[in-house]
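Chemist:
2 protein chains.
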Amino acid sequence: MNECSSLLCAEPVSVAAWSSIAGKKEGEGPLGSCFDRIEPDSRFGQNTWEQAESAMQRRAVKLLLQKAGIPAEALSCVIAGDLINQCTSSTFAVRSLNIPYLGIFSACATFAEGLLLGTVLTGSGVPRCAVLTSSHFSSAERQFRFPLAYGGQRTPNAQWTCTAAGAALLTKAEQPPYILGVCPGRVCDMGLTDASNMGAAMAPAAADTVLRYLAATGTRPADYDAIVTGDLGTVGSRLLLELTGKAGTDLSAVHRDCGVMIFDGSAQDTHAGGSGCGCSASVICGYFLPRLRDGRLKNILYAATGALLSPMICQQGESIPGICHLIHLSHFPRKGRLI
Amino acid sequence: MNECSSLLCAEPVSVAAWSSIAGKKEGEGPLGSCFDRIEPDSRFGQNTWEQAESAMQRRAVKLLLQKAGIPAEALSCVIAGDLINQCTSSTFAVRSLNIPYLGIFSACATFAEGLLLGTVLTGSGVPRCAVLTSSHFSSAERQFRFPLAYGGQRTPNAQWTCTAAGAALLTKAEQPPYILGVCPGRVCDMGLTDASNMGAAMAPAAADTVLRYLAATGTRPADYDAIVTGDLGTVGSRLLLELTGKAGTDLSAVHRDCGVMIFDGSAQDTHAGGSGCGCSASVICGYFLPRLRDGRLKNILYAATGALLSPMICQQGESIPGICHLIHLSHFPRKGRLI
């Protein structure tokens with residue numbers, strides 16, 4: 524284990540405001556009432572799926588600024604990324620803002636990478652960092668799998684890329700929720716090559732990061748109200764519990780998964796659950812952050828997982844590497860220390 | 524202008540070590556003697572161009588560790604990105620390292636974004652951050668333009684994606700060169716839609732960032748030995764001098780461009796010059812950092828430019844947004860302050 528295995532914040536950082544946008548299907552799921560906005564038009568008024576995804580991100584930022592009560596120019600920087608080639612959903616969303624922009628990529632773990640970097644920037648004195656991400660079912664399907672019109676059959680292990688976006692504003696410690704620690708992920712690759720079973724490809728990375736953070740902080744699963752993975756789905760979630768169980772840590776009492784929570788798998792035909800950068804971003808912003816603000820939840824670990832695949836590397840026979848970045852969110856501003 | 528327009532380091536950070544790898548054509552250019560390694564096999568012993576690019580990044584990291592005299596596990600984290608879809612060149616390069624990995628994307632400005640984030644992480648107490656990027660002519664050509672076998676004609680404004688990689692190790696202040704300040708870029712889009720004229724698309728971003736940093740620090744071009752843009756090429760460089768000149772700042776005496784420096788345009792048939800994440804990364808690591816260490820150069824601004832395009836957004840008729848992140852490198856560890 525190396526020295527950056529975990530990074531506790533010298534001073535906690537506040538998630539001062541947040542916003543979430545969800546598509547129609549996501550709005551019809553169990554968390555429908557949690558999202559700030561549900562958009563029935565999957566094109567978001569645009570001509571292409573990629574433009575639709577950008578428009579969704581723009582709405583998320585606009586709503587974030589409204590909820591925070593600040594103008595765009597008050598943002599110090601925007602950290603954003605998405606699944607689409609060359610992160611264009613994010614680029615075109617922030618283009619009109621005229622704010623410094625740092626592009627990131629961690630597949631479906633992008634929101635957590637953004638919170639991690641935003642926490643470090645805020646801790647370094649940057650006043651107001653926005654973190655932004657999205658995914659769109661239609662833009663992702665045609666890029667990673669098949670054109671929608673092809674009508675390809677989905678495998679039982681497949682996850683459903685959510686049409687959703689999340690945005691958060693980080694500031695110095697002012698009010699809950701506070702970010703108390705972060706843990707950047709390592710690339711974990713167990714040799715899986717099935718691009719329709721990403722949960723299994725990502726579970727080892729989730730186990731690695733969660734176990735490293737628990738070890739580095741000397742905490743146990745029972746110290747948290749929830750240990751929330753981003754988008755392992757039902758298949759990956761079972762595997763995570765198995766892997767951590769074998770390592771002597773039982774997560775079963777506190778484990779939640781954003782990909783499982785966002786859909787009613789049996790009624791919505793979403794197979795193993797939701798996925799996409801927007802999945803855990805919208806669930807964290809729609810469900811968890813409000814509960815951490817008012818104290819219904821005291822302490823959670825948000826362990827977002829990403830499958831770092833591209834269609835080309837799959838065609839070239841490569842296996843699918845996973846990654847998991849972790850954010851420790853709390854209702855209380857306990858000071859940490861730098862490990 | 525907002526508060527994050529420039530960020531001077533509270534404590535300077537050292538670029539403790541660096542490495543550069545170049546392809547055959549780049550090795551035959553004017554900077555051939557500067558690179559650590561020149562690889563005559565454009566496949567780097569691999570079966571595909573994408574695997575070749577990953578292999579090149581692995582070599583750059585290996586060489587970085589050798590030159591720094593540390594094992595891989597001494598790295599706290601790796602910040603890396605590249606031009607290939609879903610940043611797979613970087614992912615597969617760092618996969619075997621087992622080190623926390625933060626994926627970034629700023630097109631050809633990726634190395635500067637990495638140095639910027641690495642500087643902030645190092646300033647926050649992370650001991651040893653590696654920054655890594657690459658580009659490969661053949662993987663980039665087929666992804667962004669045409670299959671190589673198609674033999675498409677190149678326009679006079681076109682730039683040549685370099686086969687090159689650069690890696691740097693950041694630590695707390697120990698020895699020159701020091702990073703004294705950073706300035707994250709804003710997305711600038713003047714409405715250009717010609718994907719073969721990226722220099723022109725990026726020049727406004729370079730002007731924006733350089734002028735913001737000069738204004739924020741109260742410095743003039745004459746205060747620097749060089750203001751080095753990354754990959755504007757001949758067309759974009761002319762435009763940068765014109766744009767900054769109109770704003771009342773004459774950069775002509777100190778401006779250098781990595782894309783112009785790396786090739787002999789007339790003898791090497793590279794048209795407007797080099798481009799790609801690996802272009803400015805290898806030129807900074809091969810040419811500028813050694814001269815900043817021994818004092819031949821005292822003070823430079825490295826303003827890396829990126830064109831945030833994807834083939835799909837071009838096909839959808841969108842214009843090409845540019846970005847430019849700036850790093851202030853110095854032989855002297857003058858302390859800055861946070862703006």
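First to last, the protein sequences are chains C and X.
Under our numbering, read the first sequence as residues 524 to 862, first letter to last.
Under our numbering, read the second sequence as residues 524 to 862, first letter to last.
Even glycine gets a Cβ: it sits at the ideal position worked out from N, Cα and C.
Around the C-beta of F669 of chain C, are 16 or more other C-beta atoms found within 10 angstroms, so that it is buried, or is it exposed?
Modeler: Residue mapping note: residue 669 of chain C aligns to position 146 of the first sequence, counting from 1. Label assigned to F669 of chain C: exposed.
Chemist: Three or more beta-carbon pairs under 8 Å between the segment 721-733 of chain C and the segment 687-700 of chain C, yes or no?
Modeler: no
Chemist: Just how far apart, CA to CA, sit V733 of chain C and K769 of chain C?
Modeler: Taking the first residue of the first sequence as 1, we reach residue 733 of chain C at position 210. Taking the first residue of the first sequence as 1, we reach residue 769 of chain C at position 246. Near 14 Å, if we compare the C-alpha coordinates of K769 of chain C and V733 of chain C.
Chemist: Using only the alpha-carbon positions, how far apart do G797 of chain C and L639 of chain X sit?
Modeler: Position 274 of the first sequence, counted from the start, is the residue given in the question as residue 797 of chain C. Position 116 of the second sequence, counted from the start, is the residue given in the question as residue 639 of chain X. One C-alpha to the other measures close to 34 Å.
Chemist: Would you tell me roughly how many angstroms separate the C-alpha atoms of G708 of chain C and L832 of chain X, rounded to the nearest one?
Modeler: Counted from its first residue, the first sequence places residue 708 of chain C at position 185. Counted from its first residue, the second sequence places residue 832 of chain X at position 309. Looking at the two C-alpha atoms, the distance is approximately 28 Å.
Chemist: Spell out whether any CB of chain X is found under 8 Å from the CB atom of Y624 of chain C.
Modeler: The count along the first sequence starts at 1 and reaches residue 624 of chain C at position 101. Chain X, which has a Cβ nearer than 8 Å to the Cβ of Y624 of chain C, makes this yes.
Chemist: Would you give the residue range spanned by the beta strand (DSSP E) that A687 of chain X belongs to?
Modeler: Mapped onto the second sequence, residue 687 of chain X falls at position 164. It spans A687 to K695 - the beta strand (DSSP E) in which A687 of chain X sits, taken as one unbroken run.
Chemist: Count the other CB atoms, across all protein chains shown, that sit within 10 Å of the CB of S658 of chain C; report buried if there are 16 or more and exposed otherwise.
Modeler: As a position in the first sequence, residue 658 of chain C is number 135, starting the count at 1. It counts as buried.
Chemist: So, S805 of chain C versus G753 of chain C, is the Cβ gap smaller than 8 Å?
Modeler: Counted from its first residue, the first sequence places residue 805 of chain C at position 282. Counted from its first residue, the first sequence places residue 753 of chain C at position 230. Cβ distance not < 8 Å, so S805 of chain C and G753 of chain C don't count as in contact.
Chemist: Report the three-state DSSP secondary structure of D817 of chain C (helix, strand or coil).
Modeler: Sequence index remark: in the first sequence, residue 817 of chain C carries index 294 (1-based). Note: D817 of chain C maps to helix in three-state DSSP.
Chemist: Note down the Cα distance separating P679 of chain X from K695 of chain X, rounded to an integer number of angstroms.
Modeler: In the second sequence, counting from the first residue as 1, residue 679 of chain X sits at position 156. In the second sequence, counting from the first residue as 1, residue 695 of chain X sits at position 172. Spanning the two alpha carbons is a distance of roughly 44 Å.
Chemist: Taking the alpha-carbon positions, what's the G845 of chain C to C711 of chain C distance?
Modeler: As a first step, residue 845 of chain C must be located in the first sequence, where it is residue number 322. As a first step, residue 711 of chain C must be located in the first sequence, where it is residue number 188. Going from the Cα of G845 of chain C to the Cα of C711 of chain C covers about 5 Å.
Chemist: Among residues of its own chain, excluding the 5 on either side of A830 of chain X, which ones have a beta-carbon nearer than 6 Å to its beta-carbon?
Modeler: Locating residue 830 of chain X in the second sequence gives position 307, counting from the first residue. Closer than 6 Å at the Cβ level, and outside the excluded window around A830 of chain X, lie A630, M721, A724, M725, I843 and G845.
Chemist: Taking 8 Å as the threshold (beta carbon to beta carbon), is I850 of chain C in contact with chain X?
Modeler: Residue numbering aside, residue 850 of chain C sits at position 327 when the first sequence is read from its first letter. With 8 Å as the cut-off, I850 of chain C does not count as an interface residue toward chain X.
Chemist: If you reduce the DSSP assignment to three classes, tell me which class R779 of chain X lands in.
Modeler: Taking the second sequence and counting its residues from 1, one reaches residue 779 of chain X at position 256. Correct three-state label for R779 of chain X: strand.
Chemist: Output the boundary residues of the beta strand (DSSP E) element that contains E562 of chain C.
Modeler: Within the first sequence, residue 562 of chain C is the residue found at index 39, counting from 1. Counting along the chain, the unbroken beta strand (DSSP E) around E562 of chain C starts and ends at R560 to E562.
Chemist: Taking the alpha-carbon positions, what's the G568 of chain X to E562 of chain X distance?
Modeler: One-based indexing of the second sequence puts residue 568 of chain X at position 45. One-based indexing of the second sequence puts residue 562 of chain X at position 39. Just so you know, the alpha carbons of G568 of chain X and E562 of chain X end up roughly 10 Å apart.
Chemist: Please name the residue in X:M579, X:L766 and X:D564 whose C-alpha comes closest to that of S542 of chain X.
Modeler: Working through the second sequence from its first residue, we reach residue 542 of chain X at position 19. Considering only X:M579, X:L766 and X:D564, the residue with the shortest C-alpha distance to S542 of chain X is X:M579.
Chemist: Output yes if chain X places a C-beta closer than 8 Å to the C-beta of I702 of chain C; else output no.
Modeler: Residue numbering aside, residue 702 of chain C sits at position 179 when the first sequence is read from its first letter. Judged by the 8 Å Cβ criterion, I702 of chain C is not in contact with chain X.
Chemist: By DSSP, does V536 of chain X sit in helix, in strand, or in coil?
Modeler: If you number the second sequence from 1, residue 536 of chain X lands on position 13. Of the three classes helix, strand and coil, the one that applies to V536 of chain X here is strand, per DSSP.
Chemist: Who are the near neighbours of T716 of chain X in its chain, counting only those whose CB is closer than 6 Å to its CB and skipping five residues on each side?
Modeler: Position 193 of the second sequence, counting from 1, holds the residue named residue 716 of chain X. Closer than 6 Å at Cβ, skipping near neighbours: S842.
Chemist: Between the C-alpha atoms of E576 of chain C and E549 of chain C, what's the straight-line distance to the nearest angstrom?
Modeler: Residue mapping note: residue 576 of chain C aligns to position 53 of the first sequence, counting from 1. Residue mapping note: residue 549 of chain C aligns to position 26 of the first sequence, counting from 1. Each residue's alpha carbon lies about 15 Å from the other.
Chemist: Would L671 of chain X be called buried (16 or more neighbouring beta carbons within 10 Å of its own) or exposed?
Modeler: Here the question's residue 671 of chain X lines up with position 148 in the second sequence. With fewer than 16 other Cβ atoms from the protein chains shown falling within 10 Å of its own Cβ, L671 of chain X counts as exposed.
Chemist: In the DSSP assignment, find the unbroken alpha helix (DSSP H) run with S612 of chain X in it and report its ends.
Modeler: Locating residue 612 of chain X in the second sequence gives position 89, where the first residue counts as 1. Following the DSSP letters along the chain, one finds S612 of chain X inside the alpha helix (DSSP H) bounded by residues T611 to V617.
Chemist: Note down the Cα distance separating G788 of chain C from L764 of chain C, rounded to an integer number of angstroms.
Modeler: To locate residue 788 of chain C, count along the first sequence from 1; it is residue 265. To locate residue 764 of chain C, count along the first sequence from 1; it is residue 241. Using only the alpha carbons, I get a separation of about 19 Å.
Chemist: Can you check whether the C-beta of E841 of chain X is within less than 8 Å of a C-beta belonging to chain C?
Modeler: Counting from one through the second sequence, the residue named residue 841 of chain X turns up at place 318. Chain C, which has a Cβ nearer than 8 Å to the Cβ of E841 of chain X, makes this yes.
Chemist: Please identify the residue among X:M784, X:Q791 and X:G818 whose C-alpha is closest to the C-alpha of I807 of chain X.
Modeler: Taking the first residue of the second sequence as 1, we reach residue 807 of chain X at position 284. Of the candidates X:M784, X:Q791 and X:G818, the one whose C-alpha sits nearest the C-alpha of I807 of chain X is X:M784.
Chemist: What whole-angstrom Cβ distance do E636 of chain X and H848 of chain X have, given they're in contact under 8 Å?
Modeler: Within the second sequence, the letter at position 113 stands for residue 636 of chain X. Within the second sequence, the letter at position 325 stands for residue 848 of chain X. Contact flag correct, Cβ pair sits at about 5 Å.
Chemist: Between which two residues does the beta strand (DSSP E) harbouring C847 of chain C extend?
Modeler: Residue 847 of chain C sits at position 324 when you count from the first residue of the first sequence. G845 to S853 is the span of the beta strand (DSSP E), which, as asked, contains C847 of chain C.
Chemist: Going by the CB atoms, is the gap between L655 of chain X and A539 of chain X shorter than 8 Å?
Modeler: On the second sequence, position 16 is the one that residue 539 of chain X refers to. On the second sequence, position 132 is the one that residue 655 of chain X refers to. No, Cβ-Cβ distance for A539 of chain X and L655 of chain X is not below 8 Å.
Chemist: Strictly under 8 Å for the Cβ-Cβ distance: is A583 of chain X near chain C by that measure?
Modeler: Taking the first residue of the second sequence as 1, we reach residue 583 of chain X at position 60. So, not an interface residue.
Chemist: Can you check whether the CB of I607 of chain C is closer than 8 Å to the CB of S661 of chain C?
Modeler: Position 138 of the first sequence, counted from the first residue, corresponds to residue 661 of chain C. Position 84 of the first sequence, counted from the first residue, corresponds to residue 607 of chain C. Going by C-beta atoms, S661 of chain C is not nearer than 8 Å to I607 of chain C.
Chemist: What does V617 of chain C reach in chain B if we use C-beta pairs closer than 8 Å?
Modeler: Going by chain labels, chain B is absent from the structure shown, which instead holds the protein chains C and X.
Chemist: Would you say M835 of chain X faces chain C, with C-beta separation under 8 Å as the test?
Modeler: Here residue 835 of chain X refers to the residue found at position 312 when the second sequence is read from its first residue. Answer yes: the Cβ-Cβ gap between M835 of chain X and chain C drops below 8 Å somewhere.
Chemist: Note down the Cα distance separating R618 of chain X from G714 of chain C, rounded to an integer number of angstroms.
Modeler: Stepping through the second sequence from its first residue, residue 618 of chain X is reached at position 95. Stepping through the first sequence from its first residue, residue 714 of chain C is reached at position 191. About 12 Å.
Chemist: Residues of chain C with CB under 7 Å from G646 of chain X, in chain order?
Modeler: Residue numbering aside, residue 646 of chain X sits at position 123 when the second sequence is read from its first letter. Within chain C, the residues near G646 of chain X are S647.
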